[in-house]
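Peer 1: Taken in order, the sequence shown gives residues 0 to 221; the numbers are from this note's numbering.
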Amino acid sequence: MAIILEFSLPASSFALGDALEAASNVEIELDRVVPTEQRTLPYLWAEGEELETFERHAASASTVEQFRLVESMPERRLYEVEWTGAVTRIVKGIVGAEGTVLDVHAAGNEWEFRLRFPDRSYAKEFQSHCVETETPVDLSKLYDLSKSGFRQEYSLTEKQYDALQLAYDRGYFCEPREADLADLGSDLDISPRAVSYRLRRGISGLVEHTITTPMSSDGRQK
């Protein structure tokens, strides 16, 4: 039975810690491309108001060999990255344990991962790899897809689900609002910006799985 593993890593010991610290309002998402040992999560989206600062620091980061701008939009850019160091080590562990990357993103001083493995033994193999390579993984969730319920059906992480549930319960979606991002952040013990990020990603997952029209293999709408 397939297993989902959710964990976090401090940016300072993984990748782009200095860039994220210098551009504190920038959020990062790695494009969902199946990693191989030859091609390590090559595309990165960055969003925020300090993209020039982020780009300057990221290009000189110790975990980056090459950093190239692919596409630029207002407050959002796509980069192609050739990684080294900690990034290649963790991807080697993912590939070796036949893992699939479902979601990787960073905001503030932390990276968050969501991976899928064929069964629990493969997930444990990946965890052993992290121990052997001294990768400071903070495991937040390990669950069986057969028991995952609503969150997994709509590709929500536990943190996104909790943020959406709290926002609804506190009246964040009411008109007028009965609570703001600062109120939600206080309850969750995170910043208002981090709350906004979780809500947007959670809503995006709900829209993707309930409203958008599925595409057939030839690219046509079903």
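For glycine and all other residues, C-beta sits at the position ideal for the given N, C-alpha and C.
Can you say whether valine 86 is buried or exposed, counting buried as having 16 or more other CB atoms within 10 angstroms of its CB?
Peer 2: Per the 10 Å Cβ criterion, buried.
Peer 1: Would the stretch 190 to 203 and the stretch 151 to 165 be scored as touching if the rule is three or more Cβ pairs under 8 Å?
Peer 2: Judged by Cβ distances under 8 Å, the stretch 190 to 203 makes contact with the stretch 151 to 165, as three or more pairs qualify.
Peer 1: Measure the C-alpha to C-alpha separation of glutamate 51 and serine 120 and round it to an integer number of angstroms.
Peer 2: Looking at the two C-alpha atoms, the distance is approximately 43 Å.
Peer 1: For lysine 140, collect the residues of the same chain with a Cβ closer than 6 Å to its Cβ; drop the 5 residues on either side in sequence, then sort them by chain order.
Peer 2: Closer than 6 Å at Cβ, skipping near neighbours: Glu5 and Glu157.
Peer 1: What distance in whole Å lies between the Cβ atoms of alanine 18 and phenylalanine 53, which are believed to be in contact at a cut-off of 8 Å?
Peer 2: That pair is a contact at about 5 Å.
Peer 1: Here's the rule: buried if 16 or more other CB atoms are within 10 angstroms of the residue's CB, otherwise exposed. What is valine 69?
Peer 2: By the 10 Å Cβ count, valine 69 comes out exposed.
Peer 1: Here's a check: name, in chain order, each residue in its chain whose Cβ is nearer than 7 Å to the Cβ of proline 175, leaving out the five neighbours to either side.
Peer 2: For proline 175, where only same-chain residues beyond five positions count, there are no Cβ hits under 7 Å.
Peer 1: In chain order, what residues of the same chain have a beta carbon less than 6 Å from the beta carbon of phenylalanine 112, not counting five sequence neighbours either side?
Peer 2: Taken in chain order, the residues that qualify are Phe6 and Val103.
Peer 1: Can you tell me the Cα-Cα spacing of arginine 192 and leucine 180, whole angstroms?
Peer 2: So the alpha carbons of these two residues sit roughly 8 Å apart.
Peer 1: Helix, strand or coil: which one does DSSP assign to tyrosine 78?
Peer 2: Strand, per DSSP.
Peer 1: Quick check on serine 71: does DSSP put it in helix, strand or coil?
Peer 2: Strand, per DSSP.
Peer 1: Rounded to the nearest angstrom, what separates histidine 56 and threonine 99 at their Cα positions?
Peer 2: Looking at the two C-alpha atoms, the distance is approximately 29 Å.
Peer 1: Could you tell me which residues DSSP puts in a beta bridge with leucine 114?
Peer 2: DSSP, once it has assigned bridges, lists Leu4 and Val100 as partnering leucine 114.
Peer 1: Given a cut-off of 8 Å, decide if leucine 138 and tryptophan 82 are closer than it, judged by their beta-carbon atoms.
Peer 2: Contact: no.
Peer 1: DSSP three-state call for lysine 146: helix, strand or coil?
Peer 2: Any reading at lysine 146 must be qualified, since the residue scores a pLDDT of 40, below 50, and its modelled position is unreliable; no value is offered.
Peer 1: What is the DSSP secondary structure of tyrosine 167, reduced to helix, strand or coil?
Peer 2: Correct three-state label for tyrosine 167: helix.
Peer 1: Ends of the beta strand (DSSP E) at isoleucine 27?
Peer 2: From DSSP, the beta strand (DSSP E) with isoleucine 27 extends over 26 to 29.
Peer 1: Could you check which residue in Gln164, Cys173, Gly204 and Leu205 has the C-alpha nearest to that of aspartate 186?
Peer 2: For aspartate 186, the nearest C-alpha among the options comes from Gln164.
Peer 1: In this structure, does DSSP put lysine 123 in helix, strand or coil?
Peer 2: In this structure, lysine 123 counts as helix in the three-state DSSP scheme.
Peer 1: Determine, using beta carbons only, whether alanine 1 and arginine 115 come nearer to each other than 8 Å.
Peer 2: Yes, the Cβ-Cβ distance between alanine 1 and arginine 115 is below 8 Å.
Peer 1: Does isoleucine 93 pass the burial test, meaning 16 or more other C-beta atoms within 10 Å, or should it be called exposed?
Peer 2: The residue in question, isoleucine 93, is buried, as its Cβ has 16 or more Cβ neighbours within 10 Å.
Peer 1: Just to confirm my understanding: we take alanine 21, look at its own chain, exclude 5 residues before and 5 after, and list those with CB closer than 6 Å. What are they?
Peer 2: Excluding positions up to five away in sequence, the list reads Thr52 and His56.
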